Every structure is written in C-alpha cells, then in structure tokens.
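**Student:** Structure incoming, see below.
There are 4 protein chains.
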Amino acid sequence: MEKDCLGVGLIGAGRIGRLHAQNLAHRIPQASLRALSDVNRKALESCAAELAVPLVTDDYRAVLDAPDVRAVAICSSTDTHSQIIEEAAAAGKHIFCEKPIDYDLARIDRALEAVREAGVMLQIGFNRRFDPSFRRVREVVAEGGIGQPHLLRITSRDPQPPPIEYVKVSGGIFLDMTIHDFDMARYLVDSEVDEVYALGGVLVDPAIGEAGDIDTAVITLRFANGAIGTIDNSRKASYGYDQRIEVFGSGGMVAAPNIPPYSTTLSDGSAVHGPLPLFFFLERYAHSYLAEMQEFVDSVRQGKAPSVGGEDGRIAVVMGYAARTSYRENRPVRLAEVAQR
Amino acid sequence: MEKDCLGVGLIGAGRIGRLHAQNLAHRIPQASLRALSDVNRKALESCAAELAVPLVTDDYRAVLDAPDVRAVAICSSTDTHSQIIEEAAAAGKHIFCEKPIDYDLARIDRALEAVREAGVMLQIGFNRRFDPSFRRVREVVAEGGIGQPHLLRITSRDPQPPPIEYVKVSGGIFLDMTIHDFDMARYLVDSEVDEVYALGGVLVDPAIGEAGDIDTAVITLRFANGAIGTIDNSRKASYGYDQRIEVFGSGGMVAAPNIPPYSTTLSDGSAVHGPLPLFFFLERYAHSYLAEMQEFVDSVRQGKAPSVGGEDGRIAVVMGYAARTSYRENRPVRLAEVAQR
Amino acid sequence: MEKDCLGVGLIGAGRIGRLHAQNLAHRIPQASLRALSDVNRKALESCAAELAVPLVTDDYRAVLDAPDVRAVAICSSTDTHSQIIEEAAAAGKHIFCEKPIDYDLARIDRALEAVREAGVMLQIGFNRRFDPSFRRVREVVAEGGIGQPHLLRITSRDPQPPPIEYVKVSGGIFLDMTIHDFDMARYLVDSEVDEVYALGGVLVDPAIGEAGDIDTAVITLRFANGAIGTIDNSRKASYGYDQRIEVFGSGGMVAAPNIPPYSTTLSDGSAVHGPLPLFFFLERYAHSYLAEMQEFVDSVRQGKAPSVGGEDGRIAVVMGYAARTSYRENRPVRLAEVAQR
Amino acid sequence: MEKDCLGVGLIGAGRIGRLHAQNLAHRIPQASLRALSDVNRKALESCAAELAVPLVTDDYRAVLDAPDVRAVAICSSTDTHSQIIEEAAAAGKHIFCEKPIDYDLARIDRALEAVREAGVMLQIGFNRRFDPSFRRVREVVAEGGIGQPHLLRITSRDPQPPPIEYVKVSGGIFLDMTIHDFDMARYLVDSEVDEVYALGGVLVDPAIGEAGDIDTAVITLRFANGAIGTIDNSRKASYGYDQRIEVFGSGGMVAAPNIPPYSTTLSDGSAVHGPLPLFFFLERYAHSYLAEMQEFVDSVRQGKAPSVGGEDGRIAVVMGYAARTSYRENRPVRLAEVAQR
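Heads up: the sequence lines are chains Y, E, L and R, in that order. Going by this note's numbering, the first sequence opens with residue 1, and the numbers climb by one from there. Going by this note's numbering, the second sequence opens with residue 1001, and the numbers climb by one from there. Going by this note's numbering, the third sequence opens with residue 2001, and the numbers climb by one from there. Going by this note's numbering, the fourth sequence opens with residue 3001, and the numbers climb by one from there.
Below you can see the structure in the form of structure tokens.
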C-alpha cells in the first residue's frame, strides 16, 4: 500500500460492487480497499477471499466506523442508498454511490442535505460519462467541433431483459434503464432538459407488462438551449448490447458507434460478416467503471469536486418521473412539474 | 425506338423534370419521350435540344392531346399538380406525378377521384422507396429478417437550406421535406401511423423563422402495429446530405448508413479521414429516380398497379398536416383528426 | 448532335465495346457515335438497333474511311489491335484502344511508331485510373498527403475465372489480369518499376493449369524511387470482385476499400452482415469507363495529350513479360531484361 | 492466494516483464508471483513495491532456487534467454520465455535440448496468437470458414522506430520485428513455409541504415501447402501501430483490421474523421499478454503442452535468417538452406 493511499470501504458486494472492489484493490494504486460489507454472507466471503480485505463484515455500520476508511463506495440495493448516504455523511466519509440515489425525491433531498451539511464529497455512479468513446463525444462538443448542438440521439438497448422479479422492484424502465441516458443527454449537450415526451409499449415480453412495466420506449427531450434529443430503449436487442450516441450541430456531427470484442470479419458468398457489439455492460463499460472510481479517488485525495455529483443524480431521477408521467398521460411533461423540492 | 415502346410526355422541365426526361430518353428502352412542355421557354429549349423530343411546347395541354403520348410525367410546380392530374386523367393518360400531390386535401381528393373514374394509373414520385439501400431494408423487414419491427429511425438532413423564396411557398418543412420520410416510415414498417408528435425549432437560419417555417424537427410516430418511429430533420448538415434509416425488431436490426462517392480514406497523424456522403439528392438518389420511372413504364405497359399510388401520396400529406398541428399545439395528434375526407 | 461534336467510330461491339458505344451515344454530349463495326453480325445489329448509328458495317475499314469519323475506339479482340492502330493512324484518326495493345512487343513498337508518324493521339483503355476511389488515391499521393510513398498494395481478384477457351488465348494471367494492376502501380506511386518477382500457382481450378496458365499470383515490385509494391491476384474470390488499393508513405496511408452496391447491414444474433462488393468490372468500373472516354473526347477536341498513352500501354506489357519470366525461373527479373526495343 | 496456486518467478522487470508481473499478481487467480529479479536495481524495486512480491533479488539464480517457484517467466534481454532456459530446466522449473529464444541457432538447439531432457514445459511469448481478433482469424480458418487458404497478408508497422542503440543489438528487422509475423504466418495458414523472398530498404531514417539495418521490408512466403503469403513491415507508420491480417481462401476471406481506442467519429465539412489505431503493443496487445500467461499457468497446472512451444520459437528464427539471406542476395531462399541442426 502506497503511502497516503485513500482507505476505502465498500458496501454491497454484488456484481457491480465486486467490480468496484477489484478496481480499488488492484487497479487504482492511490486507493486501498480496507473494508467490505454485504448482508449476503456468501457474496461477501467470495469477494473477500479474492481480495485480501482487512475488515469483512455483514454490517455496513462497521465499515462506517472503521478509522482507516476515509471514503465509502455504496453498491448495495437502491432502497438502502439514501439511508447509508446520510449515515456515511454523518460519519464524515466521502461517498461514491451507485445510481439511482433513490426512487423517492424527498429522500434524495434529505440525503443531499446531509452531504452538504457534513461537507463531504458525493459522486454518483454515472459511469457512462467515463466511457472513452462517449467521453470523446463530449470533448468534441465542448471543443466546439460540431458548433452549436441541435440534435442528440441516444440508442440504449439491453441484450436481454432482467428477471421479472427484478423488473417488479426496478422502479420502471425510465428510472432503471433510461436514467443513464437522461444523464448522458445533459452531459453531452451541456444544457438542462425542460420537457420530455415518452412513448412506449410492451413488445418484448408480455410478462414485463404484467409486472406493470414496459420494455420498449422512445423519449423526446426538449433542451433549454433549443436542442432536441431522442432516446430509444429496448430491453432486448437480439444482436447484443446496443449503446450508441450521436450529437449533431451547426458545424458537424460526432458519433460513437458500438464497439465489438474483436475486429475480425468474414467475407463469404453471402455477406461480409462482422462482429457483434461487446456483450453487456460489464464488458462494454469496463474502462468506464475503472475511470470513474479513479476520478473519485483522485477527487477525494485532492479535495476537488467530482464531475458528477448529487444534483446530477437528482435531476436524472426527476427526468425519469417526468417520462413516466408523460408515458401514462400521453403528453409532453415539463420537468418543472415534478422537480420541486 | 423499340416497337411498342411507351410514349411518354413530360410536363415541367426543371431540375427534377430534366432528370426524368434523360432517363426516359436514354435509360429506359421500353419508353420513348415523345413530348415535353414547360412554361419556362428557356428551360424547355435547353432540355429539348439535348434529347431530340418530337413535340416541344409551352402548353401542357398540347402534351395531353398528343396521340402518341400514352402516359405523362408531371414535374411542374406543386400548385399545378392536381389540376394537371385531373386533365390528364380525363384525357385517358396514365400519370406519374412528383410529390406532393397538392397541399390541399380536398384538391387531392378530387384529383384521386378523377383518376379512379378515368381508370388510369397514378404513381407518386416517392423515389426513396427505390433507393437500393432502402429497398434492401424493406426486403429484409418483409422477409422477417428482423422479426417484428419495434423501432424505426430515419435521419434526413439536407446539406443546405433552399432559397428563402422557396421556403415561403414550400408548405413548410413537414410537407416539403419530412413528407419523404413519412412515406418511408409507412413503407418500411408496413403499418399505418396512428399518431404523431412533432418538436422543432429555428436553429439553422433566423430567416427561415421569419418566413414562417422551422428548420430543425424531430417527429415521433406511433404505428398501428405498436412500433414507434422517430424522424429527425435539419435543413443544414455541414457534412452533406445525411440520409440514414434503421429498423429494429424482435430478431435484429437492419440499417442503411450513408453512401459516399468513393471509398478512399486517408490515415495520417491526426485521424483516419473518410469521404463525406454523396452531396445531395441528384447524386444520392440517381438510381432511385431511374428505378421508379422504370417501374412506372413497366406497370403501364403490363397493366399492373404501381407500388406507390395516389393513396400513398395522400397519406403522406395527412401526416404532414398532423405534424404541423402537433408542432403548433405541442401535443400528440392523431391522424384521424386531420384525415377525414 | 451538338455543333462541332466529335464524330467517333467504334470497332468491336462485344461486351466492352457496347458499353463504350452507349457512353458515346448517350452520356458524352461532346461526342457523336457515327459508325460501328463488328465481324460478328449479330452483336453488331443488336448494338446498332439500340443506338441509332448512321454507319453500321462488318468491315472496320469502312469505319476508318468514314469522313465524319475523326476518332476511333478499338474494342475488337487483342490480336487485331496493333493492325487496326496502324491503319487508323494512317487514316489520320485519333485512337482509343482497349488494353493490351498487343501481346508482341515488336508489333506494339510498330503500332506506336505509326501513331507517332501520323501525329494522331492514342489513349489506352486503362480505365481503372479513372475510378473515383483510385483517382482519389492518386490525388492524395500527388498532393503529398502521405509524404514519400514507401509501400503499395494492390488486391485484384475476380469473382470467377473466365471460360477455359478464353484462358488459352488470354496471354496468361500476368498479361490478361495483372496488366491492369501493373499500370495502377506505376500510376499511383508515380515511379517506374525496375524489377519484379512473381510467385504463383494453380489453386482455383486444375483446368487452368492444364491450359498452361496459373490462377493465383503474388507479384512484388521494386520501384526506381525505392518504394516496394505487392500485387495479389486470384481468378476466383467467392465473395465477389475484390479491388482494393493502399499506398503507405512517410506521412500516412491512403486506402481504397471495396465498394458495395448498397449500404444496408443486418445485425442479428449471429453477426453484423454487410453487403458484398459490386459484382464485377461492368458494375464496379462503370464510372471509370465513362470518365476515360470523356477524357479521350475532351483531349481530341482540345488537342491535348491523353493522360494514359501508348508508352503506358507498352510498359504494362513489359511488366507482364518480366513477371512471367520471374514466375517461370523463380527469380527476380529486371524490366531492362525484357524491355529493349 | 488460492490453494494450489502456481508459484511463479519472474526474471527481468523491464517494460514487458512488469506487464507480465502485474498480470501474474492480479489478473490470474491461479498464479502467485513469488519471486522477482532484475540486474537493474531501480526497475526491480519499482516493480516490487507495487506488487508485494515475497522474494526480490538482483540474482536470477535465487529465483531458480526458490522452492515455492514452480515456473519462471524469462523477460530479460535476449542474449540471456538461452542460458537461463538451460539453468531453469536443470532446476526443474517450467518456463515461459519471451521471443526470440536467441539469435544463435546452435544456442537455441542447446536450450531446447535442455528443456527436453528436463521434461519441463516451455512456452514462447508469441503473444499475438492470443490477440482476440487474430485468434478469431485462426478459428475461422481452422473451422473451414474460408475453405483452403490461398493468400495471406500481414501488415505490421510500428508507430516509431526504436532507439538507434537498440537497433544495433536487435538482430535486424527480420529477427526483431518480422519474427512475430513469421510466427503468425505459420499459425494462421497452418502450414510450414518452404521459401521466402525479402525486399527492403532504408526509407524511414538513414541512421538505421548506418546502424546496419533496414527499416522497410516486404517478405513473400511460399507455404508447403501451396498458399502464398506477404508480410510488409515499416518501422514508422505516422498514423500509429498498424497491425492487420487477412487470409483469403477458396471459400472466402477473413480479415482483422486495426482496433482503435474508441469508436467516436467526427463528420464535418471536410471529412468523416475516425480514430487512429491503438497506439502501440502495450495497448493493442494487452489482452493477448494476459491470455498467453493465463494459458501458460493453466498448461503447467494441468500438465498440458502449451500451444506455442520451443520448436515454434526456433522456426521463426530460421525464417528470420532465411529472410536476411534473401534480402542480402536478392533471391528466394529455402528454409532448408538455413534450418539444419
């Protein structure tokens, strides 16, 4: 452990938590994973065995109490986020929290208030901002490479739907899946969204409809700066994880197509056959998960504000609510309708 | 001239009329261009000189009266279409008419009624249906290559706005520009559209706004079969004519990217530089203009119904009206609101 | 016919002759196709019927005698080229001649001498120089876009072998097929080739071997300016006509990949399936055939030297001989060995 | 440390050694890095500090003596390889050795003999075989996806030349750079090479010529199975690390183009600008370095022969010698000329 490494505690050792734990343990020299907790004893032990963590516990409060833990990464289930944020803030820990902060705006506001009062740092896990291709899109836009942004297009389709049990508690497609795209929209166009219009349906699996959700959606965004965005979502793209972005402006267009696991193509008598996109988020966004955690560690150590904070986390949830209302009432909905504190 | 060639008269020798005239004269062996008219004497003579047409006149009625003319191609200005259709039908000529049929639904209905009564054939100039790349999209969809269509995406951006004088009489972006995309949407998804929602703005040139139009638009389509479509339009793409289509379905996605004039790329210290798309519609859609006229000639000679007829022309105009209303009132508009006869 | 159009006579109305005839008749306004000859009466009449040519004859000498014919296009079989060139030159006609000029260097030299003495113009049908993608490669190289050329790579593979009867009289793969690539090599690198080394074999069809030829070859070129080139040929690419070029230099690389007939791709559970290249030379090189004839007509009318002349035709044949010797003796062969007059 | 992990010692903590050390320490759960040596004390300590290795020494013999080290990775300078292989074999350690084994065939033979006698396993670091794109090429060929291989093409160009001091001791371009391509050629075509012909020159930097080497080369390969291959090398591609492979066969073509660090493209008024390839081997081949070491560890633990062994290492050196002779004498050279033991 490097001298004056940042001691980090990780709460929630599920799929995404484990990934963050590996990054903290091995790939971020300025960090040291000091504590790990999960209510699921099996997940906890499997993760701990691999990573040689000093403190392993099923009680996240023990992590918050550990003196060599200066920062925590909250990767537990969404319904626990706001509570843990409040307690971590009270304990003076800097906080990385997976998205969404919460499904309830009032609870989000309480958590953000606790963070402000404690003067700790809070970074939200909108990892896609750190994807090299999307980051390059943002840079080009910010450098004026396309002039003024006019049109944004986000394609965001999963390779397969989550289990129905998950769908039932997911908060619905807009808060569970589109929330990433909402954040990207604001990030890439560098303007707030005033109004959304959402269309959707159950086209993939009737069971998703029976669970009260939809599986296919198109959301139109009206930005404050006059730009217009569209997001399209599907819970099932048969060809894999489809994650593409385009921004069109007065001076050009910047686009980030899909990324395959290899470049190899086969030409035969029927076609030129190319590779499908990287399978799912763990593969496609591997770089981005590492880069966001690296930024978190750097920001804490250097006392800088993170590039994606609590307010960003809140706005994406507000957009999700507006989209849900729009879908249900089949009308454009202004964010101001749902955003009030 | 091949024996039993189809004698065709062409009305309107402007840019697009001239292209059709060249195709009829040289590239469609089963047709013979027998007559040509234009109110603009200069355009008329320039076109006639090149093509050796027997009858050259500034009066389209002389074309309709010519006994060796069995079919006419109407390429004059939009405000003359419905009148000429009615007269051509009365003269027993088969009719190819450029889009749109008219800006007025009542006049469209009268023209279509005249066609029905005369028992002549009417084909509308939705040439993009004949573009090899888009035709291939349609074939893949029709063959079930992507399963059930769920999402459609049409990008349709011009390289530069038309002159302001044209904008003023164009009928507005939805009837002038999006009308092609409306037709493609129905054609590719093979379902009617129930409802549209249109967002737009003046982002390219304030003069377009002063002329009462917009220059940037996003239109969302709700199809009868549950699919959802988006069209995005801009009057000015700095990198050229951007014409792309994607259809996503339960079993895959079919996409038609842009087509450059050559394949050459340059890799240097800064990037891999590839060619821009074909410059504008005369280049990009050259094949489609020839193919649609070939189909028209074949259909007339063989007594078949054309694949794109008067009703197709009417529906696209209805969609344009619905989009305009939606844009003005910022709400989704059902086609049934504006479609009644 | 435009005033002071160039009257052209065409000799040889086979596949390629017919294409040139159509271009001269319809697509080059500055030319008028005045005479047509072929020893094959059927091909002749079929071609003449379509194009309304004033003089139609089975005797090419009648074409050479026609007073309104100022230039001739020689598209007859290779063994007649040099003889017709000599007679056409003697008759004071400007000459476009398909490649190769002849298989015999001495006869080539006599023909070129006749041309020089008569002071007429001679253009050789190396159409690929006029392909938009390859032309762009040349422009980039000439503009210094890649700095000094170091490496050249030409891929040139046919979709299927010609009939065995043709193979027997073709002059062998190096003179029949590679000859185009030899010309492109000189054209693109803008340097002469000093030495070649050729490897080859019969991998496609044993019947080609029995006919005394090979069907697969790799030719290495040592240029006078130090650059190194490779050409690879196959008589059969199962995925279609493979025509690609790359030039690598001190400052970059310019590449011209294959060109498909449409842009459409299909993504499904197995791959992203893209279109195969344009099927064969009539499709792939349609633009280049028109452009070379346009240049010929322009050059004659304006008294300019053509960009690809008799000496270019001769050198490509010399390269073919050198490659054949290299292949047979399995050693590098200098062009100087075979090039002497 | 997992129970019955493979204890590995690493000799040589330079750039590539350090990469292997990180992989062994963090990314291969079945391995444990137990010992590390380097004659350069500074490199050694810097690497050791990061990885928490129990035994750190400047004497590789201490690594060979360590009882918990069952396998060694030899990443020291080439002139030490064969000596360390012999000693490691004598110590009963399994061996991973970076390429080339040695520049001297007799020493290679002695080392391979020592390995055989000791009955240990030897894997050579031809990492490119493990690159996902090239591996997929090999799979397609092995599955018969392209039928019988006819033509192979390897493009292998570095972004910048190594320091002149390195060039002087590198063994020359054929043994230092092309050696990887020689191995890939055999691997992908699955046939031995009978004969090579090499052309080359000093086009990049005269200093390389003064150091007795060349910087640009084209090598033609005649395979035993009739296929023909070409390799082109340059020490300096201004657009970055150019690593591409194509195999063409009777039934199709499989190709692996370059891989960029992100997918983002910018279209503006001048071109569509795409990303350059991954910068150099540490970026481009990161996956392959991990995968080859994973195979080594798996093979040792499971008692399997590695897929790339000592004989593969020897043959690539023989090909390098043949190419050097061919270049110097400007004639095709059979491997049999230089391969005898």
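Even for Gly, the Cβ is constructed at its ideal location relative to N, Cα and C. On a predicted model such as this, the values are computed, not experimentally measured, just so you know.
Could you round the C-beta distance between alanine 3256 (chain R) and arginine 3244 (chain R) to whole angstroms and report it? I think they count as a contact, below 8 Å.
**Tutor:** Counted from its first residue, the fourth sequence places residue 3256 (chain R) at position 256. Counted from its first residue, the fourth sequence places residue 3244 (chain R) at position 244. Between alanine 3256 (chain R) and arginine 3244 (chain R), the beta carbon gap of about 6 Å places them in contact (Cβ cut-off 8 Å).
**Student:** Let's test the definition: count the other Cβ atoms within 10 Å of the Cβ of aspartate 3038 (chain R) and tell me whether it reaches 16, buried, or not, exposed.
**Tutor:** On the fourth sequence, residue 3038 (chain R) is found 38 positions in, with the first residue counted as 1. Buried: at least 16 other Cβ atoms inside 10 Å.
**Student:** State the Cα-Cα distance for the pair glutamate 1283 (chain E) and leucine 3199 (chain R), rounded to the nearest angstrom.
**Tutor:** As a working note, residue 1283 (chain E) is residue 283 in the second sequence. As a working note, residue 3199 (chain R) is residue 199 in the fourth sequence. Roughly 44 Å separates the two Cα atoms.
**Student:** Cβ closer than 9 Å: which chain A residues qualify as neighbours of asparagine 3258 (chain R)?
**Tutor:** As a matter of chain content, chain A is missing from the structure shown, whose protein chains are Y, E, L and R.
**Student:** Taking any Cβ of chain R, which residues in the segment 2210-2222 of chain L have a Cβ under 7 Å from it, in chain order?
**Tutor:** Thr2216, Val2218, Thr2220 and Arg2222
**Student:** According to DSSP, is isoleucine 28 (chain Y) helix, strand or coil?
**Tutor:** To locate residue 28 (chain Y), count along the first sequence from 1; it is residue 28. Note: isoleucine 28 (chain Y) maps to coil in three-state DSSP.
**Student:** By the criterion of Cβ-Cβ separation under 8 Å, what are the contact partners of glycine 252 (chain Y) in chain E?
**Tutor:** As a first step, residue 252 (chain Y) is located in the first sequence; it is residue number 252 there, counting from the start. Result: Ser1238 and Tyr1239.
**Student:** In chain order, what are the residue ranges of uninterrupted beta strand (DSSP E) at least 3 long that sit wholly in the segment 268-294 of chain Y?
**Tutor:** 272-274
**Student:** Quick one: is glutamate 3086 (chain R) buried, meaning 16 or more other Cβ sit within 10 Å of its Cβ, or exposed?
**Tutor:** Within the fourth sequence, residue 3086 (chain R) is the residue found at index 86, counting from 1. Buried, by the Cβ-count rule.
**Student:** Is there contact between the segment 3256-3265 of chain R and the segment 260-279 of chain Y, where contact requires at least three CB pairs shorter than 8 Å?
**Tutor:** yes
**Student:** Counting Cβ pairs closer than 8 Å, one from the segment 2167-2176 of chain L and one from the segment 2309-2326 of chain L, do we hit at least three?
**Tutor:** yes
**Student:** For the segment 3198-3223 of chain R, list the beta strand (DSSP E) runs that are entirely contained and at least 3 residues long, ordered along the chain.
**Tutor:** 3216-3223
**Student:** Report yes or no: do the segment 3118-3130 of chain R and the segment 3292-3310 of chain R share at least 3 C-beta pairs separated by less than 8 Å?
**Tutor:** yes
**Student:** Any heavy atom of the ligand COA closer than 8 Å to the CB of asparagine 1225 (chain E)?
**Tutor:** The model depicted lacks the ligand COA and carries no ligand whatsoever.
**Student:** Should the segment 1012-1019 of chain E be regarded as contacting the segment 216-231 of chain Y, the criterion being three or more beta carbon pairs within less than 8 Å?
**Tutor:** no
**Student:** What does DSSP give as the partner residues of glycine 2007 (chain L) in its beta bridges?
**Tutor:** Here residue 2007 (chain L) refers to the residue found at position 7 of the third sequence. Partner(s): L:Ser2032.
**Student:** List the DSSP bridge partners of threonine 1155 (chain E).
**Tutor:** Within the second sequence, the letter at position 155 stands for residue 1155 (chain E). In DSSP, threonine 1155 (chain E) forms a bridge with E:Asp1232 and E:Arg1244.
**Student:** Where does the unbroken beta strand (DSSP E) through glycine 252 (chain Y) begin, and where does it stop?
**Tutor:** One-based indexing of the first sequence puts residue 252 (chain Y) at position 252. Note, glycine 252 (chain Y): beta strand (DSSP E), 252-256.
**Student:** Could you work out which residues of chain L lie near histidine 1026 (chain E), taking near to mean beta carbons separated by less than 9 Å?
**Tutor:** Start at 1 with the first residue of the second sequence, and residue 1026 (chain E) comes out as number 26. Those within 9 Å of histidine 1026 (chain E) in chain L are Gln2022, Ala2025, His2026 and Arg2027.
**Student:** What does a CB cutoff of less than 6 Å around valine 2218 (chain L) pick up in its chain, not counting 5 residues either side in sequence?
**Tutor:** Within the third sequence, numbered from 1, the residue matching residue 2218 (chain L) stands at position 218. Around valine 2218 (chain L): Leu2199 and Asp2232.
**Student:** Using the three-state DSSP reduction, which class does threonine 265 (chain Y) fall into: helix, strand or coil?
**Tutor:** Taking the first residue of the first sequence as 1, we reach residue 265 (chain Y) at position 265. For threonine 265 (chain Y), the three-state secondary structure derived from DSSP is strand.
**Student:** Between which two residues does the alpha helix (DSSP H) harbouring glutamine 83 (chain Y) extend?
**Tutor:** Sequence index remark: in the first sequence, residue 83 (chain Y) carries index 83 (1-based). Taken as a continuous stretch (DSSP letters only), the alpha helix (DSSP H) holding glutamine 83 (chain Y) covers 78-90.
**Student:** Report the option in L:Val2204, L:Glu2246, L:Gly2251 and L:Ala2035 whose CA atom is closest to the CA atom of lysine 2236 (chain L).
**Tutor:** Within the third sequence, residue 2236 (chain L) is the residue found at index 236, counting from 1. Nearest C-alpha to lysine 2236 (chain L): L:Val2204.
**Student:** Give me the residue from E:Lys1168, E:Tyr1241 and E:Thr1220 with the minimum Cα distance to glutamate 1210 (chain E).
**Tutor:** Mapped onto the second sequence, residue 1210 (chain E) falls at position 210. For the residues E:Lys1168, E:Tyr1241 and E:Thr1220, the minimum Cα distance to glutamate 1210 (chain E) belongs to E:Lys1168.
**Student:** For serine 299 (chain Y), would you say it is in contact with chain E, using Cβ-to-Cβ distances shorter than 9 Å as the test?
**Tutor:** In the first sequence, residue 299 (chain Y) corresponds to position 299, counting from 1. No - not a single Cβ of chain E is within 9 Å of the one on serine 299 (chain Y).
**Student:** In angstroms with no decimal places, state the Cα-to-Cα distance between valine 3104 (chain R) and alanine 3111 (chain R).
**Tutor:** Translated into positions along the fourth sequence, residue 3104 (chain R) becomes position 104. Translated into positions along the fourth sequence, residue 3111 (chain R) becomes position 111. Before going further, note that residue 3104 (chain R) is aspartate rather than valine in the sequence given. If you take the alpha carbons of aspartate 3104 (chain R) and alanine 3111 (chain R), they lie about 11 Å apart.
**Student:** Nearest CA to the CA of aspartate 2068 (chain L): which residue from L:Thr2216, L:Ser2076 and L:Pro2054?
**Tutor:** One-based indexing of the third sequence puts residue 2068 (chain L) at position 68. It is L:Pro2054 whose Cα lies nearest to the Cα of aspartate 2068 (chain L).
**Student:** Identify whether alanine 3126 (chain R) lies in helix, strand or coil by the three-state DSSP scheme.
**Tutor:** Position 126 of the fourth sequence, counting from 1, holds the residue named residue 3126 (chain R). Alanine is not the amino acid found at residue 3126 (chain R); the sequence shown has phenylalanine there. In the structure shown, phenylalanine 3126 (chain R) sits in coil (DSSP, three-state: anything other than H, G, I, E or B).
**Student:** For chain E, is any of its Cβ atoms less than 9 Å away from the one on proline 332 (chain Y)?
**Tutor:** What you label residue 332 (chain Y) is simply residue 332 of the first sequence in a count that begins at 1. Yes, proline 332 (chain Y) lies at the interface with chain E (some Cβ there is under 9 Å from its Cβ).
**Student:** What residue range is occupied by the uninterrupted beta strand (DSSP E) comprising alanine 71 (chain Y)?
**Tutor:** Here the question's residue 71 (chain Y) lines up with position 71 in the first sequence. Note, alanine 71 (chain Y): beta strand (DSSP E), 71-74.
**Student:** If you compare alpha carbons, which of E:Thr1216, E:Ser1133 and E:Val1196 is closest to serine 1156 (chain E)?
**Tutor:** Within the second sequence, the letter at position 156 stands for residue 1156 (chain E). Checking every option, the nearest Cα to that of serine 1156 (chain E) belongs to E:Thr1216.
**Student:** Is there a Cβ from chain Y that is less than 9 Å from the Cβ of valine 1120 (chain E)?
**Tutor:** If you number the second sequence from 1, residue 1120 (chain E) lands on position 120. It does not; no Cβ of chain Y falls within 9 Å.
**Student:** Note down, in chain order, each residue of its chain lying with its Cβ closer than 7 Å to the Cβ of glutamate 2 (chain Y), except the 5 sequence neighbours on either side.
**Tutor:** As a working note, residue 2 (chain Y) is residue 2 in the first sequence. In this prediction, glutamate 2 (chain Y) scores a pLDDT of 49, lower than 50, which makes its location untrustworthy; the coordinate-derived value is nonetheless stated afterwards. Contacts found: Pro29 and Gln30.
**Student:** Bridge partners for glycine 1119 (chain E) per DSSP, in chain order?
**Tutor:** Numbered from its first residue, the second sequence carries residue 1119 (chain E) at position 119. Per DSSP, none; premise fails for glycine 1119 (chain E).
**Student:** For valine 2039 (chain L), which three-state DSSP category applies?
**Tutor:** Position 39 of the third sequence holds residue 2039 (chain L). Note: valine 2039 (chain L) maps to coil in three-state DSSP.
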